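Numbering (this note's numbering), first residue to last: 182 to 426.
Note that beta-carbon positions come from the ideal geometry of N, C-alpha and C, so glycine has one too.
If you're wondering where the values come from, they're calculated on a predicted model, not measured in any experiment.
Single-structure report; data block below.
Here's what the structure looks like:
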């Protein structure tokens with residue numbers, strides 16, 4: 182009698198193997214790593230269609246040409262901006278040089294203050310010029326030059342102006358303008374203004390420039406010229422402090 186052998190039954194269920202799904206990120210990573218991929222598969226270049234902003238599909242070559250064109254345009258704009266900055270800096274240098282030469286030959290404290298007024302009016306036509314001086318400098322009777330009051334000295338405007346975090350330039354608010362320039366006495370009210378710290382070894386004073394044009398002195402303007410101007414004027418006025426006399 183023949184005994185029939187029963188087939189063995191597996192206790193473990195056989196699960197069909199599934200291929201891992203390739204993600205877009207993996208494809209992108211592969212193409213970045215293998216930049217010569219399309220060199221070996223040139224036939225794919227013309228068949229790839231890339232959506233365009235206009236909604237029309239374009240080939241990879243056309244897309245690359247467009248990207249290069251846009252990049253060149255951006256580089257061209259940056260180059261023009263750098264050229265403009267260089268020209269602006271050159272103008273600033275010439276202006277500061279002219280002011281420095283104008284101050285060199287002036288002798289005497291009152292004469293220096295008058296000279297500063299004249300130079301500022303020449304460089305900022307139509308601008309109101311006020312100088313407020315600290316006690317470290319002598320008294321003066323020159324027009325629009327006077328000692329800085331205690332309340333102004335203690336104000337946030339002046340404290341911030343001479344802070345090491347600032348370049349020594351500030352643009353005044355409407356309330357500060359009215360306080361500094363006393364608009365009630367002005368024929369044409371000052372509508373925008375800037376304050377420039379005058380300092381060298383000492384805190385010497387503040388140069389206030391005001392304009393009837395509301396857009397003449399505004400936040401966001403460059404402060405390179407004004408900051409350097411304050412250093413030049415401060416160096417000149419330092420000569421008249423008690424320690425220097």
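Could you compute how far the alpha carbon of residue i sits from the alpha carbon of residue j?
i           : j           : result
residue 308 : residue 254 : 40 Å
residue 182 : residue 202 : Any reading at residue 182 needs caution, since the residue's pLDDT is 49, under 50, leaving its predicted position unreliable; the model's value is listed next. Each residue's Cα considered, the two are about 55 Å apart.
residue 266 : residue 358 : 30 Å
residue 420 : residue 369 : 35 Å
residue 351 : residue 251 : 39 Å
residue 406 : residue 380 : 15 Å
residue 290 : residue 319 : 8 Å
residue 387 : residue 306 : 19 Å
residue 223 : residue 206 : 22 Å
residue 314 : residue 385 : 6 Å
residue 339 : residue 268 : 32 Å
residue 275 : residue 410 : 12 Å
residue 214 : residue 208 : 10 Å
residue 403 : residue 271 : 14 Å
residue 212 : residue 204 : 13 Å
Along the beta strand (DSSP E) that carries residue i, what are the first and last residues, could you check?
i           : result
residue 375 : 373-380
residue 313 : 309-314
residue 474 : Nothing about residue 474 can be read from this structure; the chain reaches only from 182 to 426.
residue 223 : Careful: residue 223 lies outside any beta strand (DSSP E) and carries neither H nor E.
Where does the unbroken alpha helix (DSSP H) through residue i begin, and where does it stop?
i           : result
residue 334 : 331-334
residue 209 : 205-214
residue 415 : 405-418
residue 341 : 337-342
Per DSSP, residue i forms a beta bridge with which residues?
i           : result
residue 352 : 375
residue 318 : Residue 318 pairs with nothing; no bridge assigned.
residue 327 : 313
Indicate whether residue i and residue j have their beta-carbon atoms separated by less than 8 Å.
i           : j           : result
residue 297 : residue 282 : no
residue 376 : residue 342 : yes
residue 417 : residue 249 : no
residue 300 : residue 280 : yes
residue 323 : residue 294 : yes
residue 371 : residue 391 : yes
residue 349 : residue 401 : no
residue 362 : residue 378 : no
Under 7 Å: does the beta carbon of residue i sit that close to some heavy atom of the ligand GDP?
i           : result
residue 422 : Only the bare structure without any ligand can be found here, which leaves the ligand GDP out of the picture.
- Query: With contact counted as at least three CB pairs below 8 Å, one residue from each stretch, are the stretch 250-266 and the stretch 392-412 in contact?
  - Reply: no
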